[in-house]
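**Student:** After the C-alpha cells below, expect a handful of questions from me.
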Amino acid sequence: MNAEPPKNFQTTQSGGAFGKRCPMPDIAQLIGGKWKLIILQVLIFQGTKRFGELRRDVEGITQTMLTSQLRALEKDGLVSREIFPEVPPRVEYTATAKAMALTDMFHAMHKWWVLHNSEQAS
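Take a look at the structure:
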C-alpha cells in the first residue's frame, strides 16, 4: 500500500521529470538529528528558556552539544537568541515563527506515536 503524496511532491533527490528536488534532505538538515527536535519541542511548547533551563529539560544533552545545536537552529532561523546586558549576562532562547509553524507536525508525530506505541504494547 502506497500513500498519496501531496500535489507537486517529489520523492527523489535528483528531481525527477519536473526538475524539482525532494525537500526531505533539506528538512532533515534543518530539524534532523538526535537533539534538534527535542530542543524545538521544548521551546515551542514550554516557551522561552535560558541555557541552563534547556540543558535540564533536554535530558542527556551535553553543554557542548546544546551550544552547537542552538547555534545551528539560530543560523537556520528556527531559534532566536536574546542577550540581556546584565551581570551576570542573561541569554534567552525562543522558538521563532518559522519554528512555531512546526506545531502541527509535532502534534501529528505525537498522534502517530500514541497510535503505534499502543499497537506494540498489545
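Just so we're aligned, residue 2 is where the sequence shown starts under the working numbering, counting upward by one. Glycine included, every Cβ here is placed at the ideal spot set by N, Cα and C. From a predicted model like this one, the values you see are computed outputs, not experimental measurements.
Do D77 and L31 have their C-beta atoms within less than 9 Å of each other?
**Tutor:** yes
**Student:** Count Cβ pairs between the region 40-59 and the region 89-102 that sit closer than 8 Å; are there 3 or more?
**Tutor:** Short answer: they touch.
**Student:** Indicate the three-state DSSP secondary structure (helix, strand or coil) for T65 in the structure shown.
**Tutor:** It is helical.
**Student:** Quick one: Cα of V80 to Cα of T49, how far?
**Tutor:** C-alpha separation (whole angstroms): 10 Å.
**Student:** How many Å lie between D105 and W113 at the Cα?
**Tutor:** 12 Å
**Student:** For L67 versus R56, is the C-beta distance shorter than 9 Å?
**Tutor:** yes
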